[in-house]
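Peer 1:
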Amino acid sequence: MTLTAERGGSETARNADGSEVRARIVRFTAPAVLLLANDIDTDQIIPARYLTTTDKTGLGDKLFSDWRYDANGQPKPDFVLNRPEARTAQVLVAGYNFGCGSSREHAPWALVGFGFRAVVARDFADIFRNNALKNGLLPVAIDAAAHERLVASLTATPGASVTIDLADQTMTLPDGTSASFPVDTFAQHCLLSGIDELGYLLTADADIRAYEAGHPGRIRTSGVGAS
Amino acid sequence: MTSPRSTLSPTPRTLFDKTWGAHVVRPETPATPAVLYVDLHLVHEVTSPQAFAGLRARGRTVRRADRTIATMDHSTPTIPRARGSIPVVGGDQGAQLAQLARNCAEFGIPLLALGNDRQGIVHVIGPEMGLTQPGMTIVCGDSHTSTHGAFGALAFGIGTSEVEHVLATQCLLQRKPRTMAVRVDGRLHPGVSAKDIILAVIAQEGVDGGTGHVFEYMGEAIRALSMEERMTVCNMSIEGGARAGLIAPDDTTFEYIAGRPAAPEGAAWDAAVAEWRQLPSDDGASFDRTVTLDASQLAPMITYGTNPGMGMPIDARVPDPSAAPDAGRRQALDKALHYMDLRPGEPLLGKRVDVVFLGSCTNSRISDLRQAAALMRGRAVAQGVRMLVVPGSQQVKRQAEAEGLDAVFRAAGAEWREAGCSMCIAMNDDRLAPGQYAVSTSNRNFEGRQGKGGRTFLASPLTAAATAITGVITDARTMVH
Numbered sequence: 000m001t002l003t004a005e006r007g008g009s010e011t012a013r014n015a016d017g018s019e020v021r022a023r024i025v026r027f028t029a030p031a032v033l034l035l036a037n038d039i040d041t042d043q044i045i046p047a048r049y050l051t052t053t054d055k056t057g058l059g060d061k062l063f064s065d066w067r068y069d070a071n072g073q074p075k076p077d078f079v080l081n082r083p084e085a086r087t088a089q090v091l092v093a094g095y096n097f098g099c100g101s102s103r104e105h106a107p108w109a110l111v112g113f114g115f116r117a118v119v120a121r122d123f124a125d126i127f128r129n130n131a132l133k134n135g136l137l138p139v140a141i142d143a144a145a146h147e148r149l150v151a152s153l154t155a156t157p158g159a160s161v162t163i164d165l166a167d168q169t170m171t172l173p174d175g176t177s178a179s180f181p182v183d184t185f186a187q188h189c190l191l192s193g194i195d196e197l198g199y200l201l202t203a204d205a206d207i208r209a210y211e212a213g214h215p216g217r218i219r220t221s222g223v224g225a226s
Numbered sequence: 000m001t002s003p004r005s006t007l008s009p010t011p012r013t014l015f016d017k018t019w020g021a022h023v024v025r026p027e028t029p030a031t032p033a034v035l036y037v038d039l040h041l042v043h044e045v046t047s048p049q050a051f052a053g054l055r056a057r058g059r060t061v062r063r064a065d066r067t068i069a070t071m072d073h074s075t076p077t078i079p080r081a082r083g084s085i086p087v088v089g090g091d092q093g094a095q096l097a098q099l100a101r102n103c104a105e106f107g108i109p110l111l112a113l114g115n116d117r118q119g120i121v122h123v124i125g126p127e128m129g130l131t132q133p134g135m136t137i138v139c140g141d142s143h144t145s146t147h148g149a150f151g152a153l154a155f156g157i158g159t160s161e162v163e164h165v166l167a168t169q170c171l172l173q174r175k176p177r178t179m180a181v182r183v184d185g186r187l188h189p190g191v192s193a194k195d196i197i198l199a200v201i202a203q204e205g206v207d208g209g210t211g212h213v214f215e216y217m218g219e220a221i222r223a224l225s226m227e228e229r230m231t232v233c234n235m236s237i238e239g240g241a242r243a244g245l246i247a248p249d250d251t252t253f254e255y256i257a258g259r260p261a262a263p264e265g266a267a268w269d270a271a272v273a274e275w276r277q278l279p280s281d282d283g284a285s286f287d288r289t290v291t292l293d294a295s296q297l298a299p300m301i302t303y304g305t306n307p308g309m310g311m312p313i314d315a316r317v318p319d320p321s322a323a324p325d326a327g328r329r330q331a332l333d334k335a336l337h338y339m340d341l342r343p344g345e346p347l348l349g350k351r352v353d354v355v356f357l358g359s360c361t362n363s364r365i366s367d368l369r370q371a372a373a374l375m376r377g378r379a380v381a382q383g384v385r386m387l388v389v390p391g392s393q394q395v396k397r398q399a400e401a402e403g404l405d406a407v408f409r410a411a412g413a414e415w416r417e418a419g420c421s422m423c424i425a426m427n428d429d430r431l432a433p434g435q436y437a438v439s440t441s442n443r444n445f446e447g448r449q450g451k452g453g454r455t456f457l458a459s460p461l462t463a464a465a466t467a468i469t470g471v472i473t474d475a476r477t478m479v480h
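Note that the protein sequences, when read in sequence, are chains A and B.
For the first sequence, numbering that gives the first Met the number 0 assigns the number 0 to the initial residue and increments by one for each residue that follows.
For the second sequence, numbering that gives the first Met the number 0 assigns the number 0 to the initial residue and increments by one for each residue that follows.
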């Protein structure tokens, strides 16, 4: 599996059964960049005007668009994603509550499209965390002390490398110390094995049929005036 | 308040526990999340195309098209048009709407397209048609799905991958969230509304106070709310970090549902109500957290910053970042005030605005329009202010027109529009220009949310109407009799 970013454009790769080809994520070492703010909402990650796409790809250029480009569409040199170290960065480091707001999965699509493979934060909004895990983007929540050390390292050396080990649930910081992070067991299994969650859900078919037989339900959406 | 059910159930359970438990297809284990059945799946144009593409690539069908319904709302134009006429939508928005129509036709999903008499904002039309009922699980690729929790339904937003999961299996993989009781005691004063309750909850608990939790709103003030007001409260649960917000069903709920197109009838209605009466949290049921608020202490609320947690009483002053409890919050407040071009200590009352937006899944229902119209009757929108009134659905629009509310807004100089999300998300042509200030009844004041560079003050319909008349941020209590 190549470590370089998909920077937009290609079709989603699929297996013979139509399931998406997933990169197995076990462990990787990559440069990290710092976007130190709390409560970064998904409207900042990808503004709503770009949600008119019907694809998952091609959103990397729009990532953080309103912070990244000036009124004339030119990159703002001071913004972290426009700095040289961002070209090879695969880890984005933010503050508390990353990804709050809208449920748009375009947010992880844009982050992945830019080339990010993990976001490190103090914690994450629920829907964003779920969406990220389904796209091979690791939400890595670390404690205050480790976060402080990481911010110090990246402030001193922008683009310094970190190692993220999904199997061990540990992150090695540029200063050589390590931090552990939580991952849902099932999501971890899917990412380590390169399988998608829908594949598992489809194996529940008999249980779903049994449930439906016992729960006929009260509503039908046909017959309320829709065409 | 003791009820017979308390003696039937050995362990007191919450409304959430009961609803969750009734939808478990496969229980959660340490290794695997629960497989949770979805009773109603709402679909719109923006978060569904990639999910349908995934289904097509796998060669799968939609498992329960009869539990799925689609509408067009996010990027639709709201420019006035003849009833039943279909506007021409160009560009990427048009392509996305056409894609939804193709997807619904191919997979047999009922669609409320532009031109349909029941088209509207996804979270307005579900309740309106009676599809939203107590004890159900409801999902949509939209974070404001929490709105439907007002009926005692477990309703939450999902991403597009999960939209595909539900289309294919009618199920979701979910870890059970924690619960948080949000108790609002006391009575609201006149001129203070449901919107002010939820803005106060979020200002108190923060935009991440509910992360990992499902809210259950309770207490005297919540019981006193109408269904439409309850929807306003539940709608913004996500702005407090909670994916879902519930309110126990009661007679107010049942009265709202009765007679709607998808509501049960006759004996089925009686059976449904009997079942729904078992749903409220049992006496003694425990919550992981409890927070309280006193409604009688509330003033109309307004936001000053760039997330919905940056809110304050309308007569308060913009906070000083130097007084923030930590560096993170100081920096966030500095950044927000810079974006909003506000100074610490500045009052918002009297602040000139450019635009007033009355609409969105938070506040575009008939009662919202009635409240605003009552204040605006015989008055005019101030010089230099643009006011957009965007009803939440075609049905709301029709009702408002039957009551003459449209005439009130038009006579005042406001724009009376077609149903849709409009300036809440600015995916169509309804948007703020850079630097403009808006008082908006919507749910998000994030940077650029209502148009790149636009600045949003979130507030209630009453505050919006009062502000439209004076042209400056106004406490509606000074105008309400």
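Beta carbons are placed, not taken as given, at the ideal position from N, Cα and C, and that holds for glycine.
1. Are the C-beta atoms of PRO215(A) and some chain B residue less than 8 Å apart?
2. Is the beta carbon of SER236(B) less than 8 Å from the beta carbon of PHE214(B)?
3. For the pair the stretch 81-89 of chain A and the stretch 102-109 of chain A, tell me if three or more CB-CB distances fall below 8 Å.
4. With the cut-off set at 8 Å, would you say ASP72(B) and VAL121(B) are in Cβ contact?
5. Put MET0(B) into one of helix, strand or coil per three-state DSSP.
6. Quick one, which residues of the stretch 10-23 of chain B are near chain A if we go by CB-CB under 7 Å, in chain order?
7. Suppose the cutoff is 6 Å on Cβ atoms and the five residues either side in sequence are ignored; what does the same chain contact list for ASP184(B) look like?
8. Determine, using beta-carbon pairs with one atom in the stretch 47-63 of chain B and one in the stretch 109-129 of chain A, whether at least three such pairs fall under 8 Å.
9. Under 8 Å between beta-carbons, which chain A residues line up against HIS164(B)? List them in chain order, please.
10. Name the residue from ARG148(A), ASP16(A), PRO30(A), LYS55(A) whose alpha carbon lies nearest to the alpha carbon of ASN134(A).
11. Note down, in chain order, each residue of its chain lying with its Cβ closer than 6 Å to the Cβ of SER221(A), except the 5 sequence neighbours on either side.
12. So within the stretch 112-174 of chain A, which uninterrupted alpha helix (DSSP H) runs reach at least 4 residues, ignoring any that extend past its ends?
13. Does the beta carbon of ILE85(B) sit closer than 8 Å to a beta carbon anywhere in chain A?
14. What are the boundary residues of the beta strand (DSSP E) that ILE137(B) is part of?
15. Can you list the residues of chain B that ASP125(A) reaches, using a CB-CB cut of under 7 Å?
16. Comparing the C-beta of GLY8(A) with each C-beta of chain B, is any distance below 8 Å?
17. Can you tell me whether HIS188(B) is helix, strand or coil according to DSSP?
18. Would you report the Cα separation of THR361(B) and PRO109(B), rounded to the nearest angstrom?
19. With which residues is PHE155(B) paired in a DSSP beta bridge?
20. Would you tell me roughly how many angstroms separate the C-alpha atoms of ASP287(B) and LEU137(A), rounded to the nearest one?
21. Since ASP293(B) is in the beta strand (DSSP E), which residue starts that stretch and which ends it?
22. Give the straight-line distance between the Cα atoms of LEU91(A) and TRP415(B), rounded to the nearest whole angstrom.
23. My guess is that ASN115(B) and SER102(A) are in contact by the Cβ rule of under 8 Å, so how many angstroms apart are they, rounded?
24. For ALA140(A) and ALA155(A), which I take to be in contact (beta-carbon distance under 8 Å), what is that distance rounded to the nearest angstrom?
25. In the DSSP assignment, the alpha helix (DSSP H) including SER236(A) goes from what residue to what residue?
26. Which residues in chain B sit within 7 Å of LEU50(A), going by Cβ to Cβ distance?
27. By Cβ distance, which residues of its chain are closer than 6 Å to GLN95(B), with the 5 residues on each side in sequence left out?
28. Below 7 Å CB to CB, which residues in the same chain sit around PRO133(B) once its five sequence neighbours on both sides are set aside?
29. Round the Cβ separation of MET426(B) and THR51(A) to the nearest angstrom and send it over; I've been treating them as touching at under 8 Å.
30. Is it buried or exposed for ASN71(A), if we count other Cβ within 10 angstroms and need 16 for buried?
31. On the three-state DSSP scale, how would you describe ARG397(B)?
32. Starting from SER441(B), find everything on chain A with Cβ-Cβ shorter than 8 Å and list it in chain order.
33. Indicate whether at least one CB of chain B lies closer than 8 Å to the CB of GLN43(A).
Peer 2: So, to answer that:
1. Output row for PRO215(A): interface = no.
2. yes
3. Fewer than three pairs of CB atoms, one per stretch, sit closer than 8 Å, so the stretch 81-89 of chain A makes no contact with the stretch 102-109 of chain A.
4. yes
5. Only weak support exists for where MET0(B) lies, its pLDDT of 43 falling under 50; the value from the coordinates is given anyway. Judged by DSSP in its simplified three-state form, MET0(B) adopts coil rather than helix or strand.
6. Listed in sequence order: no entries.
7. The beta carbon of ASP184(B) lies closer than 6 Å to those of GLY218, GLU219, ASP293 in the same chain, with the five residues before and after it left out.
8. no
9. GLU196, LEU197, LEU200
10. LYS55(A)
11. none
12. List check, alpha helix (DSSP H) in window: 125-132, 143-155.
13. no
14. 136-139
15. THR210, GLY211, ARG242
16. Unreliable placement is indicated for GLY8(A), whose pLDDT of 36 sits below 50; the coordinate value is still reported in the next sentence. Answer no: the Cβ-Cβ gap between GLY8(A) and chain B never drops below 8 Å.
17. Three-state DSSP puts HIS188(B) in coil, outside helix and strand.
18. 24 Å
19. VAL138(B)
20. 28 Å
21. 288-293
22. LEU91(A) and TRP415(B) have their C-alpha atoms spaced approximately 44 Å apart.
23. The Cβ separation is near 25 Å, so there is no contact.
24. At roughly 23 Å, the Cβ-Cβ gap does not stay under 8 Å, so ALA140(A) and ALA155(A) are not in contact.
25. Outside the displayed span of chain A (0 to 226) sits residue 236(A), for which this structure offers no information.
26. Those are VAL45, MET426, listed as they occur along chain B.
27. GLU44
28. PHE150, GLY151, ALA152, PRO248, THR252, TRP275, LEU278
29. At roughly 7 Å, the Cβ-Cβ gap stays under 8 Å, so MET426(B) and THR51(A) are in contact.
30. exposed
31. Looking at ARG397(B) - three-state DSSP - the assignment turns out to be helix.
32. Within chain A, no residue comes near SER441(B); the closest Cβ sits about 12 Å away, beyond 8 Å.
33. yes
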